[in-house]
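Remarks on the structure that follows.
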Amino acid sequence: MTDDLAISARGLVKVFNRGTTVRALDGFDLSVRKGTVTGLLGPNGSGKTTAVRILATILAADEGTAEIMGLDVNKNSADVRRTIGLAGQYATVDENLTGRENLRMVGQLTHMTKATAKLKAEELLERFNLLDAGDRTVKTYSGGMRRRLDLAAALVAEPPVLFLDEPTTGLDPQSRNDLWEIIEQLVANGTTVLLTTQYLEEADRLAEDIVVIDKGKVIAKGTPAELKAQLGTTVVEVTFASHEAAISASAVLEEELKKSPMREGAMLELTVENGPKVAADVLRALDAAGYDILGLALREPSLDDVFLSLTGERTKAELAVADAPRKGRRRTTTPEEVAK
Amino acid sequence: MSGVTIAQVEKLPPAQRLMWAFRDMKVVTWRNLMASLRIPEAIFFSSLQPIMFVLLFRYVFGGAIPVPGVSYVNFLMPGIFVQTVCFGAVATAIGLSEDLSKGLIERFRALPMARSAVLAGRTTADLVRNIFVLVILTVVGILVGFRLDNGVLNFLLGCLVMIVFAYSLSWGFAIIGLKAPNAETAQLMSFPILFPITFASGAFAPVETMPHWLQTFATYQPVGVVVAATRSLMVGGPFLDTTKIYWAFAWSAVLLAVFSVLAVRSYRKVG
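Chain order of the listed sequences is A and B. When we follow numbering that gives the first Met the number 0, the leftmost residue of the first sequence carries the number 0, and every step to the right adds one. When we follow numbering that gives the first Met the number 0, the leftmost residue of the second sequence carries the number 0, and every step to the right adds one.
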């Protein structure tokens, strides 16, 4: 075990028996260097949350070992809990208490003095823009506010290792940005963050290392750049006037290039190694077949593309959620949250 | 933050750990009491139910239940007190089940707090609530004719006997709260246990009037013993039976020992 690792896990296995047997984790490995952000990426049900819960000592693994800052999650769980902060997938704050009371409670439960807990609560309320709502019961908070409070609660003890399990799900774009800035600040000050997310944009922006998990196993890891480089170097995007045109043109391109394009609405995408040459071929073929195109673009592959190619057997529809940010279909807030 | 090292995470002496466990328990107790204060409707209706029982038995059934030596209301009130504090244990089951389904216990489990604090804080908060309901019920009892004929001290000792017992029972119902799939089911699971032990106990009618097989159960089962002990202290006279008081404490101790171990075990398994 090297000293520069904040989080390390070897061969974690977790099997759930709920009617059917599910191997939520199936030999999961993870190494997170101190002071870095690692993005744990994967579709729903891939085992992200199970991994986080094991690392946060909430759940015991069936097999394998894990250490946080060199502390074993089973043998030193009490010490591990003093080292970590956890913001869960669901905002776990007490809705019958006020925001202020929630933060003070967490402070006291991390064994601060009453006075320190009080100060810390004020500081966090201010930082998360909750001062005005501080004396309202959480029941009256919007989804976004709960989220912020939940995160604030995870930061009360200023833990050196922070687990953020889909932290920005349900936040409006502004709050999401604020949150990203807070995370960046924390990391700049030395905090290690393990971030699970379905938003590739989020991982791309925050994470230095990315681990892609599917069916309880790591299927790829590296820096965002490395992951993108694993893939073809360029994506060729062709936009048509209608879905129908895109569908029929897809057949033409497949015939011509011996490679089937991905279709997204009225747009066709080809991930290729020699972008400019393919683009020229595409134009020639479409022109010969009499298609009018609205746009042609060459771009670097995004993490979405990496994700799609790695979890290839899934259909695009299944990945709609994970795929959402780049396509503008991202579910940031519900209308009620905006209204509040 | 950059200065934070493993050095802060040191091994703690047992005395310090115990002190922290106690502090954690206090914080969780405060949180539970605070949360229930925020729902005044719940306090109102949870006090109303035992009051209804007092009125029902005092005025509806009371006339038909003859008791030797004392007025029915004096016989009844210790029984109602015990029944009420026992039913208070349902709150333990419901409360824990709710915390569990809302993910709050998950947050607690990731905090460096004592593992016992969630359970101890819940049962202690329910104990405080029980004391509050007992005060209200005493006032109602006095209004309908209940008299502290055996002295205030004995009355308070009687309260102590049942509060201690109800606290033990709370730990048992904590197990239900942790095992039940949701709060509603936790409540439904509680009643089939509570009804037989509180009603077949001599709380409302003399045990001697029951069929023989039931008498044995009603006399020796924990709630029956606690009712007899409480009545011995609060009413005395024909009901004086000091051994029952020791037996009541013995039952409480045994149940607390068994239930707390089982509850902590279920708590560790949750999640």
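No residue lacks a Cβ here, since even glycine has one placed at the ideal position from N, Cα and C.
For this session: Alpha carbon to alpha carbon, how far is A/Gly-133 from A/Ile-182? Give it in angstroms, no decimals.
Result: Within the first sequence, residue 182 of chain A is the residue found at index 183, counting from 1. Within the first sequence, residue 133 of chain A is the residue found at index 134, counting from 1. Within the model, the alpha-carbon separation for A/Ile-182 versus A/Gly-133 is close to 22 angstroms.
Problem set entry | A/Gly-38, buried or exposed, once every other Cβ within 10 Å from all chains shown has been counted against 16 | By one-based count along the first sequence, residue 38 of chain A stands at place 39. With a threshold of 16 other beta carbon atoms within 10 Å, A/Gly-38 meets it and is buried.
Exercise. Would DSSP call B/Leu-271 helix, strand or coil?
Worked result: Outside the modelled stretch of chain B, which goes from 0 to 270, sits residue 271 of chain B, for which no answer is possible.
For this session: Would you tell me roughly how many angstroms separate the C-alpha atoms of B/Phe-21 and A/Ala-114, rounded to the nearest one?
Result: One-based indexing of the second sequence puts residue 21 of chain B at position 22. One-based indexing of the first sequence puts residue 114 of chain A at position 115. Annotation: B/Phe-21 to A/Ala-114 spans about 18 angstroms, alpha carbon to alpha carbon.
For this session: State the CB to CB distance for the pair B/Thr-241 and B/Ser-231, rounded to an integer number of angstroms; the pair is presumed to be in contact (CB under 8 angstroms).
Result: The residue labelled residue 241 of chain B in the question sits at position 242 within the second sequence. The residue labelled residue 231 of chain B in the question sits at position 232 within the second sequence. Right, their Cβ atoms sit about 7 angstroms apart.
Problem set entry | chain A contact residues for B/Leu-95, given Cβ-Cβ distances below 9 angstroms | Taking the first residue of the second sequence as position 1, residue 95 of chain B is located at position 96. At a C-beta separation below 9 angstroms, B/Leu-95 has no neighbours in chain A, since its nearest C-beta there lies roughly 14 angstroms away.
For this session: Determine contact between the region 107-121 of chain B and the region 75-85 of chain B, defined as no fewer than three beta-carbon pairs at a distance below 8 angstroms.
Result: No, because fewer than three Cβ pairs between the region 107-121 of chain B and the region 75-85 of chain B fall closer than 8 angstroms, the two stretches do not touch.
For this session: Using a Cβ-Cβ cut-off of less than 8 angstroms, list which residues of the region 96-128 of chain B approach chain A; keep chain order.
Result: Only Lys-101, Gly-102, Leu-103, Glu-105, Arg-106, Phe-107, Arg-108, Ala-109, Leu-110, Pro-111, Met-112, Ala-116 from the region 96-128 of chain B bring a Cβ to less than 8 angstroms from some Cβ of chain A.
Exercise. Relative to chain B, which residues along the region 76-95 of chain A have a C-beta separation below 7 angstroms, given in chain order?
Worked result: From the region 76-95 of chain A, only Ala-77, Asp-78, Arg-80, Arg-81, Thr-82, Ile-83, Leu-85, Gly-87, Tyr-89, Thr-91, Asp-93, Asn-95 have a Cβ closer than 7 angstroms to chain B.
Problem set entry | CB contact below 8 angstroms: B/Arg-30 versus chain C | Absence of chain C from the displayed structure is noted, the protein chains being A and B.
Problem set entry | Whole-angstrom C-beta distance between B/Ala-228 and B/Ile-244, which should lie under 8 angstroms | Taking the second sequence and counting its residues from 1, one reaches residue 244 of chain B at position 245. Taking the second sequence and counting its residues from 1, one reaches residue 228 of chain B at position 229. The pair is a contact, with the Cβ atoms about 4 angstroms apart (cut-off 8 angstroms).
For this session: Would you mind giving the Cβ-Cβ distance between B/Ile-104 and B/Val-117, rounded to the nearest angstrom? I have them listed as a contact below 8 angstroms.
Result: Your numbering for residue 104 of chain B matches position 105 in the second sequence. Your numbering for residue 117 of chain B matches position 118 in the second sequence. About 6 angstroms separates the two Cβ atoms, so the contact holds.
Exercise. Between A/Arg-99 and A/Leu-124, is the Cβ-Cβ spacing less than 8 angstroms?
Worked result: Counted from its first residue, the first sequence places residue 99 of chain A at position 100. Counted from its first residue, the first sequence places residue 124 of chain A at position 125. Between A/Arg-99 and A/Leu-124, the gap from beta carbon to beta carbon is short of 8 angstroms.
Problem set entry | Collapsed DSSP secondary structure at B/Ile-64 in the structure displayed | Numbered from its first residue, the second sequence carries residue 64 of chain B at position 65. B/Ile-64 sits in coil when the DSSP states are folded into three classes, being neither helix nor strand.
Problem set entry | Per-residue contacts from A/Met-104 into chain B (C-beta, under 7 angstroms) | Taking the first residue of the first sequence as 1, we reach residue 104 of chain A at position 105. Result: Val-26, Arg-30.
Exercise. In chain order, which beta strand (DSSP E) runs of at least 3 residues are fully inside the region 77-115 of chain A?
Worked result: Scanning the region 77-115 of chain A for uninterrupted beta strand (DSSP E) segments of 3 residues or longer gives 83-86, listed from N- to C-terminal end.
For this session: Give the interface partners of A/Ala-55 over in chain B, defined as CB-CB distance under 7 angstroms, in chain order.
Result: Here residue 55 of chain A is taken as the residue at index 56 of the first sequence, counted from 1. At a beta-carbon threshold of 7 angstroms, the residues of chain B lying near A/Ala-55 are Ala-109, ordered along the chain.
Problem set entry | Cβ-Cβ distance between B/Val-84 and B/Ala-34 below 8 angstroms | Here the question's residue 84 of chain B lines up with position 85 in the second sequence. Here the question's residue 34 of chain B lines up with position 35 in the second sequence. Not closer than 8 angstroms, so no.
Exercise. By how many angstroms is the C-alpha of A/Ala-296 removed from the C-alpha of A/Asp-203?
Worked result: Along the first sequence, one-based indexing puts residue 203 of chain A at 204. Along the first sequence, one-based indexing puts residue 296 of chain A at 297. Separation of A/Asp-203 and A/Ala-296 (C-alpha to C-alpha, rounded to the nearest whole angstrom) is 21 angstroms.
Problem set entry | Inter-stretch contact at 8 angstroms, needing at least 3 Cβ pairs: the region 222-238 of chain A / the region 276-293 of chain A | With a cut-off of 8 angstroms, the region 276-293 of chain A and the region 222-238 of chain A count as touching, because enough Cβ pairs lie within range.
For this session: Could you tell me whether the region 144-161 of chain B touches the region 93-108 of chain B, where touching means 3 or more Cβ pairs closer than 8 angstroms?
Result: Taking 8 angstroms as the limit for Cβ pairs, the verdict is that the region 93-108 of chain B does not touch the region 144-161 of chain B.
Problem set entry | Cβ-Cβ distance between A/Ile-209 and A/Leu-226 below 8 angstroms | What you label residue 209 of chain A is simply residue 210 of the first sequence in a count that begins at 1. What you label residue 226 of chain A is simply residue 227 of the first sequence in a count that begins at 1. For A/Ile-209 and A/Leu-226, yes; Cβs fall inside 8 angstroms.
Problem set entry | Residue from A/Val-281, A/Ala-116, A/Val-271 whose Cα sits closest to the Cα of A/Glu-254 | Working through the first sequence from its first residue, we reach residue 254 of chain A at position 255. Per the Cα distances, A/Val-281.
For this session: Report the rounded CA-to-CA distance for B/Ile-42 versus B/Val-134, giving the unit in angstroms.
Result: Your numbering for residue 42 of chain B matches position 43 in the second sequence. Your numbering for residue 134 of chain B matches position 135 in the second sequence. Their Cα atoms are separated by approximately 13 angstroms.
Exercise. Between B/Ala-34 and chain A, is there a C-beta pair that is closer than 8 angstroms?
Worked result: Translated into the one-based positions of the second sequence, residue 34 of chain B becomes position 35. Output row for B/Ala-34: interface = yes.
Exercise. Cβ of B/Ile-64 less than 8 angstroms from any chain A Cβ?
Worked result: The residue given as residue 64 of chain B occupies position 65 in the second sequence. Proximity of B/Ile-64 to chain A, defined by a Cβ-Cβ separation below 8 angstroms, is not satisfied.
Exercise. Taking Cβ-Cβ distances below 9 angstroms as the criterion, which residues of the region 115-139 of chain A are in contact with chain B?
Worked result: Correct list: Thr-136, Lys-138.
Exercise. Can you name the residues of chain B whose CB is closer than 9 angstroms to the CB of A/Thr-109?
Worked result: Start at 1 with the first residue of the first sequence, and residue 109 of chain A comes out as number 110. Simply Leu-110, Pro-111, Met-112.
Exercise. Which one of A/Glu-201, A/Lys-216, A/Asn-188 has the shortest CA to CA distance from A/Leu-178?
Worked result: In the first sequence, residue 178 of chain A corresponds to position 179, counting from 1. Comparing Cα positions, the closest option is A/Glu-201.
For this session: Decide yes or no for the touch test of the region 146-154 of chain A against the region 164-179 of chain A: beta carbon pairs closer than 8 angstroms, at least 3 of them.
Result: With three or more CB-CB distances shorter than 8 angstroms, the region 146-154 of chain A counts as touching the region 164-179 of chain A.
For this session: Please name the residue in A/Ala-116, A/Thr-136, A/Gly-143 whose C-alpha comes closest to that of A/Asn-128.
Result: Within the first sequence, residue 128 of chain A is the residue found at index 129, counting from 1. Minimum Cα-Cα distance from A/Asn-128 among the listed residues A/Ala-116, A/Thr-136, A/Gly-143 corresponds to A/Gly-143.
Exercise. Where in the region 258-310 of chain A do unbroken runs of the alpha helix (DSSP H), each at least 4 residues long, occur, reported from the N-terminal end onward?
Worked result: Qualifying alpha helix (DSSP H) stretches, in chain order: 274-287, 302-309.
For this session: Could you check what DSSP says for A/Lys-33 in three-state terms: helix, strand or coil?
Result: Translated into the one-based positions of the first sequence, residue 33 of chain A becomes position 34. Three-state DSSP puts A/Lys-33 in coil, outside helix and strand.
Exercise. Which same chain residues, not among the five before or five after B/Ala-199, have their C-beta less than 7 angstroms away from its C-beta?
Worked result: To locate residue 199 of chain B, count along the second sequence from 1; it is residue 200. The beta carbon of B/Ala-199 sits closer than 7 angstroms to the beta carbons of Leu-213, Phe-216, Ala-217 from its chain, once the five residues preceding and following it are set aside; these are given in chain order.
Exercise. From what residue to what residue does the beta strand (DSSP E) around A/Ala-219 run?
Worked result: For the purposes of this step, residue 219 of chain A is taken as residue 220 along the first sequence, with counting starting at 1. 216-221 is the span of the beta strand (DSSP E), which, as asked, contains A/Ala-219.
Problem set entry | Three-state class that DSSP yields for A/Leu-148 in the structure shown | The sequence position of residue 148 of chain A within the first sequence is 149, counting from 1. Three-state DSSP puts A/Leu-148 in a helix.
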